[in-house]
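Since the structure comes first, as structure tokens, the remarks are kept for the end.
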Amino acid sequence: GTRIIYDRKFLMECRNSP
Amino acid sequence: RKLPLGEGLEKHPLENRWALWFFKNDRNRVWQDNLHLVTKFETVEDFWAIHSHIKLASKLSSGCDYALFKDGIEPMWEDSRNKHGGRWLVSLAKQQRQSNLDRLWLETLLCLIGEAFEEYSEEVCGAVLNVRTKGDKIAIWTSEAENQPAVTFIGRVYKERLGLSPKVIIGYQAHADTATKSNSFTKNKFVV
């Protein structure tokens, strides 16, 4: 139950952060 | 979750460490000698750094592949984690290379690194992109073709994430069937 799941929105936001 | 690396420099760890592979077709060499490990990464930020520094799928020459696999699994049928598995295969029409390929491949990568298949993500081994003149292909490889609940869940989520129309049918093929086929047709074990 401790799997690290990232949704699409979060991953895309990380792309654009400095 | 964050790895503290100093102010403003946190990276977001992934559930798995991933290895990116590149295959360039050279008929004078055996298949395995054309397969190269590019790099490994285990954070969201490192994934984007790599993605922005390599060629887009649509810019690769025909005959080239990208593969993203969990660290420790080689992108070939023979690996013990792949041997009994299979793939959800998305075959693209020629004209989709310009219109769709980069988006579909990126979406595939995001499904993998983000663990989009929840508890069934354990079954995922990796994904392969084949750039081919006759039509490009993208596939997600899983480790056990007989695991119907996992395979069908992954297929349904994957199809939805790719934004494919309900009219489009994608099929799952066991590697054992692909490896022993006598022509270019491999039967689908499951479809979604």
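Listed in order, the protein sequences are those of chains A and B. So our numbering is basically just the index in the first sequence, starting at one, shifted up by 5. So our numbering is basically just the index in the second sequence, starting at one, shifted up by 1111. Built from N, CA and C at the ideal position, the CB exists for glycine as well. Note that the structure is a prediction, hence the values are computed from the model and not measured.
Residues near residue i in its chain [Cβ-Cβ closer than 7 Å; skip 5 each side]
{"i": "Gly1197/B", "result": "Thr1253, Ala1256, Tyr1283, Gln1284, Ala1285, His1286, Lys1300"}
{"i": "Leu1065/B", "result": "This structure cannot settle anything about residue 1065/B, because the visible part of chain B is limited to 1112 through 1303."}
{"i": "Asp1288/B", "result": "Thr1297, Lys1298"}
{"i": "Arg1272/B", "result": "Glu1218, Cys1222, Ala1227"}
{"i": "Asp1137/B", "result": "Asn1145"}
Chain A contact residues for residue i, given Cβ-Cβ distances below 8 Å
{"i": "Gly1225/B", "result": "Ile10, Tyr11, Asp12, Arg13, Phe15, Leu16"}
{"i": "Glu1229/B", "result": "Arg8, Ile10"}
{"i": "Leu1167/B", "result": "Ordered by position in chain A, no residue passes the 8 Å Cβ test against Leu1167/B, which lies about 14 Å from the chain."}
{"i": "Leu1203/B", "result": "In chain order: nothing, as chain A lies at least about 21 Å away."}
CB-CB length for residue i against residue j, believed under 8 Å
{"i": "Leu1220/B", "j": "Asp1176/B", "result": "Leu1220/B to Asp1176/B, Cβ: 14 Å. No contact."}
{"i": "Phe1180/B", "j": "Cys1236/B", "result": "6 Å"}
{"i": "Ala1160/B", "j": "Leu1148/B", "result": "Going by Cβ atoms, the distance from Ala1160/B to Leu1148/B rounds to 17 Å, so no, they are not a contact pair."}
{"i": "Ile1265/B", "j": "Glu1218/B", "result": "That belief does not hold up - the Cβ atoms of Ile1265/B and Glu1218/B are roughly 14 Å apart, past 8 Å."}
{"i": "Ile1281/B", "j": "Leu1200/B", "result": "7 Å"}
Cross-chain neighbours of residue i in chain A, by beta carbon under 7 Å
{"i": "Glu1156/B", "result": "Cys19"}
{"i": "Trp1159/B", "result": "Cys19, Arg20"}
{"i": "Leu1215/B", "result": "Those do not exist, as Leu1215/B stays about 13 Å from chain A at its closest Cβ, beyond 7 Å."}
{"i": "Leu1221/B", "result": "Arg13, Leu16"}
From the options, residue whose alpha carbon lies closest to that of residue i
{"i": "Ile1251/B", "options": "Lys1245/B, Asn1139/B, Ala1261/B", "result": "Ala1261/B"}
{"i": "Lys1135/B", "options": "Trp1129/B, Arg1128/B, Asp1144/B", "result": "Asp1144/B"}
{"i": "Ser1173/B", "options": "Ser1163/B, Glu1189/B, Phe1133/B", "result": "Phe1133/B"}
{"i": "Cys19/A", "options": "Ile1224/B, Lys1194/B, Trp1216/B", "result": "Ile1224/B"}
{"i": "Lys1170/B", "options": "Arg1192/B, Asp1247/B, Ala1238/B", "result": "Asp1247/B"}
{"i": "Tyr11/A", "options": "Gly1183/B, Phe1158/B, Asp1137/B, Leu1146/B", "result": "Phe1158/B"}
{"i": "Arg1267/B", "options": "Val1242/B, Glu1229/B, Arg1243/B", "result": "Glu1229/B"}
Contact list for residue i against chain A, beta-carbon separation under 9 Å
{"i": "Ser1254/B", "result": "In chain order: nothing, as chain A lies at least about 16 Å away."}
{"i": "Leu1125/B", "result": "Ile9, Tyr11"}
{"i": "Ser1232/B", "result": "Arg8, Ile10"}
Same chain only: Cβ atoms within 6 Å of residue i, ignoring 5 sequence neighbours per side
{"i": "Ser1232/B", "result": "Glu1226"}
{"i": "Trp1188/B", "result": "His1286, Ala1290"}
{"i": "Val1155/B", "result": "His1123"}
Straight-line Cα distance separating residue j from residue i
{"i": "Gln1302/B", "j": "Ile1249/B", "result": "For the sequence presented, residue 1302/B should be read as Val rather than Gln. Between Val1302/B and Ile1249/B, the C-alpha separation is close to 15 Å."}
{"i": "Gly1274/B", "j": "Phe15/A", "result": "18 Å"}
{"i": "Arg1140/B", "j": "Glu1121/B", "result": "43 Å"}
{"i": "Asn1127/B", "j": "Leu1203/B", "result": "28 Å"}
{"i": "Asp1182/B", "j": "Leu1125/B", "result": "12 Å"}
{"i": "Lys1194/B", "j": "His1123/B", "result": "32 Å"}
{"i": "Ile1165/B", "j": "Ala1178/B", "result": "13 Å"}
{"i": "Ile13/A", "j": "Ser1191/B", "result": "The sequence shown places Arg at residue 13/A, not Ile. Answer to the nearest angstrom: the Cα atoms are 30 Å apart."}
{"i": "Trp1216/B", "j": "Gln1209/B", "result": "12 Å"}
{"i": "Glu1185/B", "j": "Ala1238/B", "result": "11 Å"}
{"i": "Ser22/A", "j": "Lys1292/B", "result": "47 Å"}
{"i": "Gln1207/B", "j": "Lys1270/B", "result": "16 Å"}
Sequence-distant residues of the same chain with beta carbon closer than 8 Å to residue i, five excluded per side
{"i": "Lys1245/B", "result": "Lys1205"}
{"i": "Thr1150/B", "result": "Ala1130, Leu1131, Ile1161"}
{"i": "Gln1259/B", "result": "Phe1301"}
Closer than 8 Å: residue i CB and nearest the ligand ATP heavy atom
{"i": "Trp1159/B", "result": "You won't find the ligand ATP in this model; it holds no ligand whatsoever."}
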